[in-house]
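Just so we're aligned, residue 143 is where the sequence shown starts under our numbering, counting upward by one.
Ideal placement from N, C-alpha and C gives every residue a C-beta, glycine not left out.
This structure is a prediction, so every number in the text was calculated from the model and none was measured.
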Amino acid sequence: MSAKPRYNLPCMKLRAKLLLAVLLAGGITLVTLLSLTFQGLPDVASISGQLAPPSIRITDRNDRLLYEILPQEGGRNAPLPLASIPECLKTATIAVEDKNFYQNPGVDIEGIVRAFWINLRGGETIAGGSTITQQVARQLLLSQDERAERSLRRKLREALLAWQLARLLSKDEILALYLNQTYYGGLAYGVEAASQTYFGKPAAELLLPECALLAGLPQAPGLYNPYTNPDLARERQLVVLGLMEKDGLLSADERRQAAEAPLSYNPAPYPILAPHFVWLVKAQLDALFEKGTLDPRQSLVVRTTLDLDSQKLGEAAIARQVKAFQATPDEISHNVNNAALVALDPETGEILALVGSADYFDESIHGAVDMATAARQPGSAFKPFIYAQALDPLRAQPWTAATPILDVSTTFITHDGTPYTPKNYDGREHGPVPVRQALASSLNVPAVLTLEHIGIENTLNLARRLGITSLDSSEQYDLSLALGGGQMSLLDLSSAYAAFANQGFTTGRYAILDIHSADGTLLYTQPKTPQQQVFDPRVAWLISDILSDDQARTLGFGRNSTLKLDRSAAVKTGTTTNYHDN
Numbered sequence: 143m144s145a146k147p148r149y150n151l152p153c154m155k156l157r158a159k160l161l162l163a164v165l166l167a168g169g170i171t172l173v174t175l176l177s178l179t180f181q182g183l184p185d186v187a188s189i190s191g192q193l194a195p196p197s198i199r200i201t202d203r204n205d206r207l208l209y210e211i212l213p214q215e216g217g218r219n220a221p222l223p224l225a226s227i228p229e230c231l232k233t234a235t236i237a238v239e240d241k242n243f244y245q246n247p248g249v250d251i252e253g254i255v256r257a258f259w260i261n262l263r264g265g266e267t268i269a270g271g272s273t274i275t276q277q278v279a280r281q282l283l284l285s286q287d288e289r290a291e292r293s294l295r296r297k298l299r300e301a302l303l304a305w306q307l308a309r310l311l312s313k314d315e316i317l318a319l320y321l322n323q324t325y326y327g328g329l330a331y332g333v334e335a336a337s338q339t340y341f342g343k344p345a346a347e348l349l350l351p352e353c354a355l356l357a358g359l360p361q362a363p364g365l366y367n368p369y370t371n372p373d374l375a376r377e378r379q380l381v382v383l384g385l386m387e388k389d390g391l392l393s394a395d396e397r398r399q400a401a402e403a404p405l406s407y408n409p410a411p412y413p414i415l416a417p418h419f420v421w422l423v424k425a426q427l428d429a430l431f432e433k434g435t436l437d438p439r440q441s442l443v444v445r446t447t448l449d450l451d452s453q454k455l456g457e458a459a460i461a462r463q464v465k466a467f468q469a470t471p472d473e474i475s476h477n478v479n480n481a482a483l484v485a486l487d488p489e490t491g492e493i494l495a496l497v498g499s500a501d502y503f504d505e506s507i508h509g510a511v512d513m514a515t516a517a518r519q520p521g522s523a524f525k526p527f528i529y530a531q532a533l534d535p536l537r538a539q540p541w542t543a544a545t546p547i548l549d550v551s552t553t554f555i556t557h558d559g560t561p562y563t564p565k566n567y568d569g570r571e572h573g574p575v576p577v578r579q580a581l582a583s584s585l586n587v588p589a590v591l592t593l594e595h596i597g598i599e600n601t602l603n604l605a606r607r608l609g610i611t612s613l614d615s616s617e618q619y620d621l622s623l624a625l626g627g628g629q630m631s632l633l634d635l636s637s638a639y640a641a642f643a644n645q646g647f648t649t650g651r652y653a654i655l656d657i658h659s660a661d662g663t664l665l666y667t668q669p670k671t672p673q674q675q676v677f678d679p680r681v682a683w684l685i686s687d688i689l690s691d692d693q694a695r696t697l698g699f700g701r702n703s704t705l706k707l708d709r710s711a712a713v714k715t716g717t718t719t720n721y722h723d724n
């Protein structure tokens, strides 16, 4: 019979106590480490306050992008509801980032265990990808320094936040956060901004090949940028399509067709078109923010009055004319290096084109300065407003287009007693001339005589009614006002001239049509100023008729001058002293 084994009970009790102590110490240590790991963990309920700031898109009247105003920190961002994001982009994202997204608890348990094992072996790099929920938690709830940290501590904090987030929000809400807040490179945050940046169109119009390319970008936006690394971007797109087929989201034929489809990238991902007009709109937008009419924290789409086709025609005309003046056959330098243009719809006051300089980016001509809104002397372009008052049929003893005016050398005494003797452009006197000829030929002496007859104060009041606000009190001016002695912007002058083309009514002028949120909700419509009649319709027609009369302008410009066009058009020149403004 074998002997029974003997147990040293005191020794076993000691070992048990030691094991219990080790386990207790380990448990305390683990609890302490976890407590320190999760110390200062942000509240997941604060996630709405951590979203990327939105950008503001400014478009022409036909929704063509002119410029996108980016927030001071961040880039383009225009959040969309999940329903407005194409299904192919959602499925492609889930296939490449988190194929079990709708089944998992928001946390990649296998990835955390793998990270723990690597740390036990002395490594510091965390291997494996995170779930979509973890990525949202990391991006929106962890600090920038912590996001860059590659440690088990960050992985655990990220996992707990993701677990909490999955209980606070639905899966669709989390997916929407990911698709609207993730960085896709090129200063684009979210799929709408990415779609506009890379393909120049709304995300709702994306096709499967484009969705696959965008879905592959977040892993390494700089590496897979299709502009700088087109081959790598293409390889990444094929990976995404392959995963979609593997997960049963695409058939083999659908994957092949998408892989073979050519991609057309946006040739101008960061445009600024009609820059002076854009800054005019920006100033009006800031005023709406200050009034509280709009919330600047929203992603906005500002649809303006500008027609991009008209704008391009205007810019081409400016470039052509400046070049023509700089290269004349007589080789005489005309010192012309800049120009501006304004085109308005006279019936609505909508600004269709605004060119503030010959070249916005040319520092040699101070191209960034907006000559369309800067105060300049109008020269003789101010004369029609003076004659319009004399022609008003409601005046006592109104003039007609045939009323004669003496064009002879005349000395006037200004309000401060200074003698003023205006001269005509050609230095000649023409004797009695009818109003039609005096205005069409832009004779100076008759214009001053007309202003003296009408009165400076009356003329200034008319200018204000026309929207010209830069002219001060009558004490500031003398009879040289008839020849453009005051200052006003080209925009003001153009808006005032619109009354002649609108049967004597002024409408104001507008740069914004309406403003929508990124999802298309109408937030603001530009209110229209009631039309105000400043000229009798007969006077408006008569002034336009005189300014389109080539025969009447022969005295000042000769027959078939450059002012004669191939169609009927009212034209008026304006030249200031030493040809500073023309």
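Checklist line | Secondary structure of Gln181, DSSP reduced to three states | finding: Confidence at Gln181 is low in this model, with a pLDDT of 47, below 50, so its placement is unreliable and the value that follows should be read with caution. In the displayed model, Gln181 falls within coil according to three-state DSSP, outside both helix and strand.
Margin query: On the DSSP bridge list, what partners appear for Val486?
Written below: In the sequence as displayed, the identity of residue 486 is Leu instead of Val. Note: Leu486 is bridge-paired with Ile493 in the DSSP secondary-structure output.
Check: Do three or more CB pairs link the segment 198–209 to the segment 449–465 at distances below 8 Å?
Finding: Enough Cβ pairs lie closer than 8 Å, so yes.
Checklist line | Length-filtered (3 minimum) beta strand (DSSP E) runs lying within the segment 417–459 | finding: List check, beta strand (DSSP E) in window: 442–446.
Item checked: Whole-angstrom distance between Leu303 and Thr275, CA atom to CA atom -> Thr275 and Leu303 have their C-alpha atoms spaced approximately 9 Å apart.
Next item on the list: Put Phe642 into one of helix, strand or coil per three-state DSSP.
Entry: It is helical.
Item checked: Residues near Ala308 in its chain [Cβ-Cβ closer than 8 Å; skip 5 each side] -> By the criterion of a C-beta distance shorter than 8 Å, Ala308 is surrounded in its chain by Pro247, Gly248, Val249, Thr275 and Ile316, once the five residues flanking it on both sides are discounted.
Margin query: Can you list, in chain order, the residues of its chain with a C-beta nearer than 6 Å to that of Ala640? Leave out the 5 residues immediately preceding and following it.
Written below: The residues Leu486 and Pro488, in chain order, have a CB closer than 6 Å to that of Ala640 in the same chain once the five nearest residues on each side in sequence are set aside.
Margin query: Measuring alpha carbon to alpha carbon, tell me which residue in Ala580, Pro540, Gln531 and Leu591 is nearest Thr556.
Written below: Comparing Cα positions, the closest option is Leu591.
Notebook entry, point to check: Hey, how far is the Cα of Val382 from the Cα of Glu457?
Noted result: Answer to the nearest angstrom: the Cα atoms are 44 Å apart.
Check: When the distance is taken between beta carbons, is Ala682 closer than 9 Å to Gly716?
Finding: Their beta carbons are not under 9 Å apart, which means Gly716 does not touch Ala682 by this criterion.
Checklist line | Inside the segment 347–387 only - alpha helix (DSSP H) runs reaching at least 4 residues | finding: Correct list: 350–357.
Margin query: Relative to the C-alpha of Leu314, which candidate in Ala357, Gln245 and Gln673 has its C-alpha closest?
Written below: Before going on, a small fix: residue 314 reads as Asp here, not Leu. For the residues Ala357, Gln245 and Gln673, the minimum Cα distance to Asp314 belongs to Gln245.
Item checked: 8 Å Cβ shell around Asp549 - same chain, five flanking residues per side excluded -> Only Asn566, Glu571, His572, Gly573, Pro574, Val575, Ala580, Leu585, Val587 and Pro588 meet the Cβ criterion.
Note to self: Taking 8 Å as the limit between beta carbons, can you name the residues of its chain near Leu374, skipping five residues before and five after?
What the structure shows: For Leu374, where only same-chain residues beyond five positions count, the Cβ hits under 8 Å are Leu365 and Tyr366.
Note to self: With distance defined between alpha-carbon atoms, name the residue in Lys465, Leu212 and Leu494 nearest to Asn477.
What the structure shows: Ranking the options by Cα distance to Asn477, first place goes to Lys465.
Check: Roughly how many angstroms lie between the CA atoms of Arg518 and Ala461, to the nearest whole one?
Finding: In this model, Arg518 and Ala461 are separated by some 20 Å (Cα to Cα).
Check: Is Ile547 buried or exposed, if buried means 16 or more other CB atoms sit within 10 Å of its CB?
Finding: Residue environment for Ile547: buried (at least 16 other C-beta atoms within 10 angstroms of its C-beta).
Next item on the list: Indicate the three-state DSSP secondary structure (helix, strand or coil) for Val278 in the structure shown.
Entry: It is helical.
Next item on the list: Give the DSSP-derived three-state secondary structure of Gln519 in the structure shown.
Entry: Coil.
Next item on the list: Check whether the Cβ atoms of Pro411 and Gly332 lie closer than 9 Å to each other.
Entry: Against a cut-off of 9 Å, the Cβ pair of Gly332 and Pro411 comes out as no contact.
Margin query: Please return the same chain residues whose Cβ sits closer than 6 Å to the Cβ of Asp389, not counting the five positions on each side in sequence.
Written below: Result list for Asp389: Ala237 and Lys241, in chain order.
Margin query: For Gly270, count the other beta carbons within 10 Å of its own beta carbon; 16 or more makes it buried, fewer makes it exposed. Which is it?
Written below: Residue placement at Gly270 cannot be trusted, given a pLDDT of 46 that sits under 50; the coordinates are not used to answer.
Margin query: I need the DSSP call for Gln674, collapsed to helix, strand or coil.
Written below: In this structure, Gln674 counts as strand in the three-state DSSP scheme.
Notebook entry, point to check: Between which two residues does the alpha helix (DSSP H) containing Ser686 stretch?
Noted result: Note, Ser686: alpha helix (DSSP H), Pro679 to Leu689.
Check: Expressed to the nearest angstrom, what Euclidean distance is found between the alpha-carbon atoms of Thr649 and Ile414?
Finding: In a straight line, the C-alpha of Thr649 is about 29 Å away from that of Ile414.
Margin query: Any heavy atom of the ligand GDP closer than 8 Å to the beta-carbon of Ala336?
Written below: The model on display carries no ligand, and the ligand GDP is accordingly not part of it.
Margin query: Can you check which of these residues, Pro409, Gly498 and Met386, is closest to Ala731 by C-alpha distance?
Written below: Outside the displayed range of the chain (143 to 724) lies residue 731, so it cannot be described from this structure.
Check: Can you give the Cα-Cα distance for Phe524 and Leu208, rounded to whole angstroms?
Finding: If I take the Cα positions, the gap works out to 33 Å.
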